[in-house]
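A.B. asks: Sequential numbering of the sequence shown, starting at -7, is according to my numbering. Beta carbons are placed, not taken as given, at the ideal position from N, Cα and C, and that holds for glycine. Shown below is the structure under consideration.
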Amino acid sequence: PKSIKVLVSGAGVGGLTAALALQRAGFRVRLFGDPRSSTTALGALPAPGSDGKSQHWADLNVGVMLWGSALRTLDRLGVTVNLHTMGLPVHTMGVSSASGRQLYKVDLGKGTSLPDLLCVHRSDLVESLARLLPQDVLQRNATVRGFAVADRVALYSMPPQQASRVPDHIAQLAPMPDRVAEQLQAGRVALSVQREHGQEPQWVTGDVLVGADGTDSVIRRFLWPQHCLAPSPTGFNVWRGVADVGVNHPSFPPLEAREVWAPGLRWGTARIDPRRVLWYAQEFHGPLPPVLRRLRVGAATPRSRLLLALRDFPNDAASLVESTPEHSCHAEPGQSFPLPPRPPRRLLSLPRPASWAGGVGASTLMGTAAHPATHFGLLNQDNCMAIEDAEFLTTMLRLHVLGYFADIPSALRAYEYRREERVSGIVGDALIISRMVGAFSGQSLLATPPGKWL
-7 PKSIKVLVSG
3 AGVGGLTAAL
13 ALQRAGFRVR
23 LFGDPRSSTT
33 ALGALPAPGS
43 DGKSQHWADL
53 NVGVMLWGSA
63 LRTLDRLGVT
73 VNLHTMGLPV
83 HTMGVSSASG
93 RQLYKVDLGK
103 GTSLPDLLCV
113 HRSDLVESLA
123 RLLPQDVLQR
133 NATVRGFAVA
143 DRVALYSMPP
153 QQASRVPDHI
163 AQLAPMPDRV
173 AEQLQAGRVA
183 LSVQREHGQE
193 PQWVTGDVLV
203 GADGTDSVIR
213 RFLWPQHCLA
223 PSPTGFNVWR
233 GVADVGVNHP
243 SFPPLEAREV
253 WAPGLRWGTA
263 RIDPRRVLWY
273 AQEFHGPLPP
283 VLRRLRVGAA
293 TPRSRLLLAL
303 RDFPNDAASL
313 VESTPEHSCH
323 AEPGQSFPLP
333 PRPPRRLLSL
343 PRPASWAGGV
353 GASTLMGTAA
363 HPATHFGLLN
373 QDNCMAIEDA
383 EFLTTMLRLH
393 VLGYFADIPS
403 ALRAYEYRRE
413 ERVSGIVGDA
423 LIISRMVGAF
433 SGQSLLATPP
443 GKWL
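Next up, the structure:
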């Protein structure tokens, strides 16, 4: 494996896990982040302080729910030893209406070695992964400015449709040494990396390019410019945050995750440590035009919009949001991302909806870059699927080294084919749950009057 060099673009949960798994398997790995996107960039992470610990990312004040499959992967990588000291397991998960009527309840595994569900702060998870990577793997201050793979050269400053074909017009796009162009012709990949602000970007070559640059993946848009167009709204908004409520708060008991379904709103909480609680909210507004949607929201900031939606809501929901700093309250619209069509799995089978965007040549995608879907991010299946992607990608590349695949592109296509089946099932189930919540809430076009919660 030492003869294979893997370039990973995007230093979020998936990118860090992929770099760690590949490095442990013996591959040469370089991980690059983009400081323009704090959710995928290690360049935004402050340098370790005098105590040797990195500070939390102020704008990543969200919790992560790690389910059993992801925990087992992290355990094999030696990460869960740190996470057990940072997060709390969940032994009971329940769903109720806003009036307190229980709709669903399940007891999760209570094993002491590895729980079925562990809740942690995202910055704790990211830092735990980053600390396990060698210094030469983690390129903290490097910014990815473009990439070259197969017959395509693309810079992030240009529209995807203008990506140039090799070797036409390379000189006009970016200075590229002849040795880099020759390696591209031989099937290798390259990233244009800026080491310091103001410096000229340089090309770094490798054998595999892994795009882990998040939901709005730049690499995905450049690889599939004719398919990956602007996302479309799905009829709901999502909020997330973490609040310090102190110990022994009666509304947020430890070892228990709660969801409340109410007209137009889905609300969930779980403790990540003895003092802090992660929370998430999903507001269903239906197919409202943007003007009516703004009139309905009637507030300027993400937190004030959510507080307006939570008026008269029980379970101390509003106080939990109020105790979350304004800059740490994350709001995002529910969006559906167009993806390139996938070939049928069997002869004469019907065309199927695309739930996965693959790569080209010696490139591939993983995490939400490959399967963007905000409707299943509430319970963090997106992070869990990205962690699984990392381990499976490593397995396929190891099989190539052992001779099971003729070349690297064949191994990457096998990874995409197998992972698509798993991810499409998770995405489909989560979409069904979101629609169930929407049906339960009625998705009323007008705001629900105060005091009318079920």
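1. So is residue 474 buried or exposed if we call it buried at 16+ other beta carbons inside 10 Å?
2. Could you pull out every residue in the same chain whose Cβ sits closer than 6 Å to the Cβ of residue 390, ignoring the five residues on either side in sequence?
3. Could you please give the first and the last residue of the uninterrupted beta strand (DSSP E) stretch that includes residue 254?
4. Could you compute how far the alpha carbon of residue 46 sits from the alpha carbon of residue 168?
5. In angstroms with no decimal places, state the Cα-to-Cα distance between residue 303 and residue 259.
6. My output table needs one value for residue 377: the three-state DSSP class, helix, strand or coil.
7. So the alpha helix (DSSP H) residue 74 belongs to, where does it begin and stop?
8. Give the straight-line distance between the Cα atoms of residue 22 and residue 359, rounded to the nearest whole angstrom.
9. Within the same chain, show all residues whose beta-carbon is closer than 8 Å to that of residue 443, passing over the 5 residues directly before and after it, in chain order.
10. Across the stretch 81 to 97 and the stretch 115 to 122, are there enough close Cβ pairs to call them in contact, namely three or more that are closer than 8 Å?
11. Drop a sphere of 10 angstroms on the beta-carbon of residue 398, count the other beta-carbons inside from all chains shown, and report buried for 16 or more, exposed for fewer.
12. Of all the alpha helix (DSSP H) runs that stay within the bounds of the stretch 168 to 199, which reach a length of 4 or more residues?
13. In three-state terms, what does DSSP make of residue 353?
14. Compute the distance between the beta-carbons of residue 147 and residue 120, then report whether it is under 8 Å.
15. Just to check my reading of the structure: residue 200 and residue -4 have Cβ atoms closer than 8 Å, yes? What is that Cβ distance to the nearest angstrom?
16. Looking at residue 87 and residue 251, is the spacing between their C-beta atoms short of 8 Å?
17. Check each candidate in 193, 376, 355, 420 and name the one with the smallest Cα separation from residue 407.
18. Could you tell me the alpha carbon to alpha carbon distance between residue 385 and residue 409, rounded to whole angstroms?
19. So, with DSSP's three-state summary, where would you put residue 402?
20. Mind the definition here: the stretch 175 to 184 touches the stretch 132 to 141 only if three or more C-beta pairs lie below 8 Å; say whether that holds.
21. Taking the straight line between their C-alpha atoms, what separation do you get for residue -1 and residue 131?
22. List the endpoints of the continuous alpha helix (DSSP H) containing residue 16.
23. Look up residue 274 in the DSSP assignment and give the residues it is bridged to.
24. Residue 99 lies in the beta strand (DSSP E); which residues open and close that run?
25. State the start and end residues of the unbroken alpha helix (DSSP H) segment that holds residue 64.
26. Report buried or exposed for residue 383, applying the criterion of at least 16 other Cβ atoms within 10 angstroms of its Cβ.
27. If I follow the unbroken beta strand (DSSP E) through residue 303, where does it start and stop?
28. Just tell me which of 187, 195, 188 has its CA closest to the CA of residue 173.
29. Does the stretch 65 to 78 come within contact of the stretch 88 to 97, defined as at least 3 CB pairs closer than 8 Å?
30. Taking the C-alpha atoms as reference points, what is the distance between residue 264 and residue 414?
31. In or out: residue 92 buried (at least 16 other Cβ within 10 Å) or exposed?
32. List the whole-angstrom C-beta distance separating residue 375 from residue 129, where the pair is believed to meet the contact cut-off of C-beta under 8 Å.
33. Alpha carbon to alpha carbon, how far is residue 328 from residue 231? Give it in angstroms, no decimals.
34. Suppose the cutoff is 8 Å on Cβ atoms and the five residues either side in sequence are ignored; what does the same chain contact list for residue 283 look like?
35. Which residues does DSSP list as the beta-bridge partners of residue 322?
36. Per DSSP, residue -3 is paired with what?
C.D. replies: The short version:
1. Residue 474 cannot be examined here, being either before or after the span of the chain that is shown, -7 to 446.
2. In the same chain as residue 390, and ignoring 5 residues on each side of it, the C-beta atoms closer than 6 Å to its own belong to 17, in chain order.
3. For residue 254, the enclosing beta strand (DSSP E) begins and ends at 248 to 254.
4. Residue placement at residue 46 cannot be trusted, given a pLDDT of 36 that sits under 50; the coordinates are not used to answer.
5. When rounded, the separation of the alpha-carbon atoms in residue 303 and residue 259 is 13 Å.
6. Of the three classes helix, strand and coil, the one that applies to residue 377 here is helix, per DSSP.
7. It spans 72 to 78 - the alpha helix (DSSP H) in which residue 74 sits, taken as one unbroken run.
8. Rounded to the nearest whole angstrom, the C-alpha separation of residue 22 and residue 359 is 18 Å.
9. Confidence in residue 443 is poor, its pLDDT being 31 and thus under 50, which makes the residue's placement too unreliable to answer from.
10. No: fewer than three Cβ pairs fall under 8 Å.
11. So residue 398 counts as exposed.
12. For the stretch 168 to 199, whole alpha helix (DSSP H) runs of length 4 or above, ordered along the chain, are 170 to 177.
13. DSSP places residue 353 in coil when its eight states are reduced to three.
14. Not in contact: residue 147 and residue 120 (Cβ atoms no closer than 8 Å).
15. About 7 Å; that satisfies the 8 Å criterion.
16. Taking 8 Å as the Cβ cut-off, residue 251 and residue 87 qualify as a contacting pair.
17. Comparing Cα positions, the closest option is 355.
18. Cα to Cα, residue 385 sits roughly 11 Å from residue 409.
19. If DSSP states are grouped into helix, strand and coil, residue 402 belongs with the helices.
20. Contact between the stretch 175 to 184 and the stretch 132 to 141 is present, because at least three Cβ pairs lie under 8 Å.
21. The C-alpha of residue 131 is placed about 11 Å away from the C-alpha of residue -1.
22. It spans 5 to 16 - the alpha helix (DSSP H) in which residue 16 sits, taken as one unbroken run.
23. 230, 258.
24. 94 to 99 is the extent of the beta strand (DSSP E) around residue 99.
25. Where residue 64 is concerned, the enclosing alpha helix (DSSP H) stretches over 60 to 68.
26. Residue 383 is buried by the Cβ-count criterion.
27. Boundaries cannot be given for residue 303, as no beta strand (DSSP E) includes it and DSSP labels it neither H nor E.
28. Residue nearest to residue 173 within the set 187, 195, 188 is 195 (criterion: CA-CA distance).
29. Because the criterion of three Cβ pairs below 8 Å is not met, the stretch 65 to 78 and the stretch 88 to 97 do not touch.
30. Pairing residue 264 with residue 414, the inter-Cα distance amounts to about 28 Å.
31. Residue 92 is exposed by the Cβ-count criterion.
32. The Cβ separation is near 21 Å, so there is no contact.
33. Across the structure, residue 231 and residue 328 are spaced so that their CA atoms are roughly 17 Å apart.
34. Any answer about residue 283 is weak, because its pLDDT of 42 lies below 50 and its placement is not dependable; what the coordinates show is given next. Closer than 8 Å at the Cβ level, and outside the excluded window around residue 283, lies no residue.
35. Per DSSP, the beta bridge partners of residue 322 are 232.
36. Within the DSSP secondary-structure output, residue -3 pairs in a beta bridge with 20.
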